[in-house]
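In our numbering, the protein residues as written are 99 to 489. Note that beta-carbon positions come from the ideal geometry of N, C-alpha and C, so glycine has one too. Since the model is a prediction, treat every value here as computed from it, not as a measurement.
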Ligand SMILES: Cc1ncc(COP(=O)(O)O)c(C=O)c1O
């Protein structure tokens, strides 16, 4: 079980959960802004270009705000690249960069992806599409696997044994590298500075002076640099040193760090079942609305949970999956039907992953400004979303 990374409710402690229908995601644009300010500061002081990873958070109602601060975005393939172009994630940004990485590209889409992207990153030196990309003029990069596992769950470790993500560092030759303009590695997940530093040392030790050949080096995502305890000064020094030493552009592509602690998932207790244990049955579903709860797995923090509280409930999801549960929580008061609940830190890797398994409705999307208390409905979903995907 992974720990939650939430640092607490922040401004959501003041949010009245009855202001939105249940279920809803509520995103605080001021918290997004303060995360972006931290990222901008890292970019300004280190010289790095900072891209948002759309796979983690791509709420395009906020693309203007996001790109006021960032240098562009990274996409995982054709549809995210299209989204980036259509919704302004790249165009309106400070450096207008769209970088795409996919483990493999399909023949029918490589031309379009090449024309949409500024950087196109390949998973191995013989990847399908390299020649097509070269002819299109896009700047091409190679994702490498530094082969250094730093204490991660293998499920989230691209350096795990037999990983399909990135070409092994030990098998690289200068001939291979000379085909590429850029180098990319992504090995971290919710981590502080030290694993990045160790990974960089491994890459530098192996590639040495050859790093001068590249015009850009992309250090991937997984940097939890908007978290309070992140060692930002060391990150800034390392990036500045890389730029200075190798005369390259350095890119970071964080996802979670943009939206950390910026959203809640609001639900309602629709029934209570007391048998061997107390189950609070919610109109939320972990498997539909917060799939990482089951996939990781992890136990999300809950607004108002009380560590030593007298009453314990299993917060159960509304699908038929036995494991559809958010976990066990303690409260000072008994729960009642109609009570509102809110899971914390639910902006990233949730909206991008939702589904309607069991016909469970999708949560509405709300934007809240914690400074002005203004609340706006961005979108609500109905039966149509469910039925149209099943025809
Ligand atoms: C290639 C790549 N870049 C960036 C990211 C974003 O990582 P995070 O959201 O952990 O910062 C991911 C996440 O899986 C990724 O695979």
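Pairwise C-alpha distance: residue 162 and residue 259: 40 Å
Look up residue 426 in the DSSP assignment and say whether it is helix, strand or coil. strand
In terms of alpha-carbon separation, which member of 370, 361 and 234 lies closest to residue 436? 370
How about the segment 322 to 339 and the segment 286 to 293: do they share at least three Cβ pairs that are nearer than 8 Å? yes
Roughly how many whole angstroms lie between the Cα atoms of residue 116 and residue 167? 32 Å
The alpha helix (DSSP H) spanning residue 410 covers which residue range? Per DSSP, residue 410 belongs to no alpha helix (DSSP H); it is in the beta strand (DSSP E), 409 to 414.
Residue 375 burial status per 10 Å Cβ neighbour count (16 or more: buried): exposed
Proximity test, residue 351 beta-carbon vs ligand 1 heavy atom, cut-off 7 Å: yes
Can you find a heavy atom of ligand 1 that lies under 7 Å from the Cβ of residue 451? no
For residue 359 and residue 120, what's the separation of their Cα atoms in angstroms? 20 Å
Excluding sequence positions up to five away, which residues of its chain have a Cβ less than 6 Å from the Cβ of residue 440? 115, 362, 364 and 401
Whose C-beta lies closer than 6 Å to the C-beta of residue 468 among residues of the same chain, with five residues either side of it excluded? 109, 126 and 128
Just the C-alpha distance for residue 179 and residue 191, rounded to the nearest angstrom, thanks. 14 Å
Among the residues of its own chain, which have a CB less than 7 Å from the CB of residue 245, if the five just before and after it don't count? 257, 266, 267 and 268
In chain order, what are the residue ranges of uninterrupted alpha helix (DSSP H) at least 4 long that sit wholly in the segment 345 to 417? 354 to 357, 384 to 387 and 390 to 393
So, under 8 Å CB-CB, residue 388 and residue 414 are touching, yes? Tell me the CB distance rounded to an integer number of Å. Going by Cβ atoms, the distance from residue 388 to residue 414 rounds to 13 Å, so no, they are not a contact pair.
Using DSSP with H/G/I as helix, E/B as strand and the rest coil, what is residue 489? coil
Just mark residue 154 as buried or exposed, buried being the case when its beta carbon has 16 or more other beta carbons within 10 Å. buried
Could you name each continuous alpha helix (DSSP H) segment of 4 residues or more that falls completely within the segment 222 to 299, going from the start of the chain to the end? 228 to 234 and 272 to 275
Quick check: the Cα distance between residue 305 and residue 175, rounded to an integer number of angstroms? 28 Å
Cβ neighbours of residue 208 in the same chain (closer than 6 Å, five flanking residues each side left out): 227 and 230
Does DSSP put residue 210 in a helix, in a strand, or in coil? helix
According to DSSP, what are the bridge partners of residue 217? 197 and 237
Is any heavy atom in ligand 1 found nearer than 7 Å to the beta carbon of residue 153? yes
Test item: CB-CB of residue 318 and residue 284 under 8 Å: yes
Do residue 220 and residue 241 have their C-beta atoms within less than 8 Å of each other? yes
Taking the straight line between their C-alpha atoms, what separation do you get for residue 100 and residue 481? 34 Å
Within the segment 118 to 159, ranges of the alpha helix (DSSP H) (whole runs, at least 4 residues): 127 to 144
Hey, residue 412 and residue 426 are a contact pair by Cβ (cut 8 Å); roughly how many whole angstroms apart? 5 Å
Environment of residue 486 [buried if 16+ CB atoms lie within 10 Å]: exposed
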